[in-house]
Structure formats: structure tokens, C-alpha cells
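Below is one structure, written out as C-alpha cells; the observations come after it.
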Amino acid sequence: MLRLCVAGSGGVGKSSLTIRYLRDEFTEYYDPTLEETYQKEIEYAGRLYDIEIVDTAGQEEFSSFRDSSLATGDAFLILFAINSQASWLEMKELRSKIIEDKEQPSIPMVIVGNKRDLEDEREVESDEILEYCNSFSIPYIETSAKTGLNVQEAFQLIYGQIHRLQAHMLERTLSKKPTKGRRKDCKIV
Ligand SMILES: Nc1nc2c(ncn2[C@@H]2O[C@H](COP(=O)(O)OP(=O)(O)OP(=O)(O)O)[C@@H](O)[C@H]2O)c(=O)[nH]1
Ligand SMILES: [Mg+2]
Numbered sequence: 011m012l013r014l015c016v017a018g019s020g021g022v023g024k025s026s027l028t029i030r031y032l033r034d035e036f037t038e039y040y041d042p043t044l045e046e047t048y049q050k051e052i053e054y055a056g057r058l059y060d061i062e063i064v065d066t067a068g069q070e071e072f073s074s075f076r077d078s079s080l081a082t083g084d085a086f087l088i089l090f091a092i093n094s095q096a097s098w099l100e101m102k103e104l105r106s107k108i109i110e111d112k113e114q115p116s117i118p119m120v121i122v123g124n125k126r127d128l129e130d131e132r133e134v135e136s137d138e139i140l141e142y143c144n145s146f147s148i149p150y151i152e153t154s155a156k157t158g159l160n161v162q163e164a165f166q167l168i169y170g171q172i173h174r175l176q177a178h179m180l181e182r183t184l185s186k187k188p189t190k191g192r193r194k195d196c197k198i199v
């Protein structure tokens, strides 16, 4: 099963983004995560795939959980919060760590600047973000788990990266169910 890890430091909104994506819900209540795994059937380019979304731990005290979640990840949504310079620095460290550990050149990744609704409190400037993302050719998107802004789009972006960089991996996860629109009136005789 293809494992998509949602990674980033504590409190940046990994669980909120995941829950907004899966259930279209949001809560202000903060409950630090150890690890949550969800099965999800996704549609990409007209085909259905079964993947696992892993909501990883961000808090330092749970770093052993985080490390084992990340080690088994195939693709990564790496988050920071646009109103936290510290989370931006930690995101950069995390990206390097994932690259080093994997020893594999083409790991599907998307960088996500969450909490876009808190633009007034922005601590990380767009120019700096774009320069960094461009230098590694990693797509970048700003989201708000609170308002729902760009949440679906962020997941579509990582599916596109998986398709582009690891198409064979995606093939193995093809859903057993028939693809939408397949003609039901065909009979093989
Ligand atoms: N304003 C705003 N608050 C958000 C957003 N996303 C998450 N939050 C809030 O930020 C806090 C932390 O959110 P979580 O989703 O639990 O963060 P996390 O990254 O999963 O945290 P850990 O599991 O500890 O690593 C909660 O109080 C959320 O309500 C957002 O887009 N905008
Ligand atoms: Mg969490």
C-alpha cells in the first residue's frame, strides 16, 4: 500500500488538514498526535487507487513515533505554518532528513504553508519560500485547514507528483473496484 505521510512540526495543522480533506471538518481544539493512519480511495486522472494517509507526530516528545512513520513513507506532504518562522526552519530540516534517510533521488513531495487565514500574522515571506521550493523543484501551496482553502488542491498536487515520479508504485495500488464510467452493459462471451 502506498503511504502518504503528512509531516511537519508540532501544531502546524497536519491533523487539521487531514481531517478537513477526509471529512470536511475543523476544530480549534488541539490534541497532539502520536500517529493516525487512514485508508482512502483516491481518484487520479480518472482511475481509482487505494492509499494510506499517515498523520504523523510533530511534537518533539513523540519524535520516535515520527521517525518510524517517516521511515515507511513513500510520499510526503511537508507542512509549516505561515505564521511560525520556527515551523519553517523545522520544515527545512525535516525535508533534508527525509532525503538523507531515503537515499533515493525522486521522492514525491509537496511543501504546504498552512494557516493561510492568519495572513495578518505571517512570519515567513513568500519570496523566501518560493526561492527555497524552486531550488529543489518542489511544488508549493498555501492552505487553510480552517477555511478549507486549497486543501483538496494540496492533495491533488501530491497525487500528481506521485504519478510523475513513482507511477509504478501507484499502479500497484489500483483499486479493485471498477473505475467510474466503465460500461456495465458489456458482456464478454
Ligand atoms: N487559524 C488556523 N488554525 C489552524 C489551522 N490548522 C490548524 N489550526 C489549529 O492549530 C492547532 C494545531 O492543529 P493540529 O492539526 O492539531 O496540528 P498538528 O500539526 O497535527 O499537531 P501535532 O499532531 O502535535 O504535530 C489546533 O488548535 C488547530 O485548530 C488553520 O489552517 N488555521
Ligand atoms: Mg496532529
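Take any residue in the sequence shown, note its place counting from 1, add 10, and you have its number in the working numbering. Quick reminder that beta carbons are idealized off the backbone N, C-alpha and C, glycines included.
- One Cα belongs to L58, the other to L12, and the distance between them is close to 13 Å.
- CA-to-CA, the gap between K24 and T43 works out to about 9 Å.
- Beta-bridge annotation (DSSP): Q49 is paired with E62.
- Remark: the shortest separation between the CB of A164 and any heavy atom of ligand 1 does not fall under 8 Å.
- By the Cβ criterion, the stretch 113-129 is in contact with the stretch 148-158, since at least three pairs of Cβ atoms, one from each stretch, lie closer than 8 Å.
- Contact annotation: the stretch 36-51 touches the stretch 60-69, with at least three C-beta pairs closer than 8 Å.
- In this structure, the straight-line span from the alpha carbon of I148 to that of S185 is close to 28 Å.
- Between I108 and G83, the C-beta spacing is below 9 Å.
- Around the C-beta of L80, 16 or more other C-beta atoms lie within 10 Å, and the residue is accordingly described as buried.
- In its chain, beyond the 5 residues on either side, no residue has a beta carbon closer than 7 Å to the beta carbon of L99.
- In this chain, I108 is not harboured by any beta strand (DSSP E); it is covered by the alpha helix (DSSP H) spanning 95-112.
- DSSP places N160 outside any alpha helix (DSSP H), giving it a letter other than H or E.
- One Cα belongs to Y54, the other to F165, and the distance between them is close to 10 Å.
- With a 10 Å radius around the Cβ and a threshold of 16 neighbouring Cβ atoms, L140 comes out exposed.
- Looking at the DSSP output, I88 sits in a beta bridge with A17, I121.
- For the pair F90 and E103, the Cα-to-Cα distance works out to about 11 Å.
- Exclusion of the five residues before and after M179 leaves L12, D84, I172 as the residues of its chain whose Cβ lies within less than 8 Å of its Cβ.
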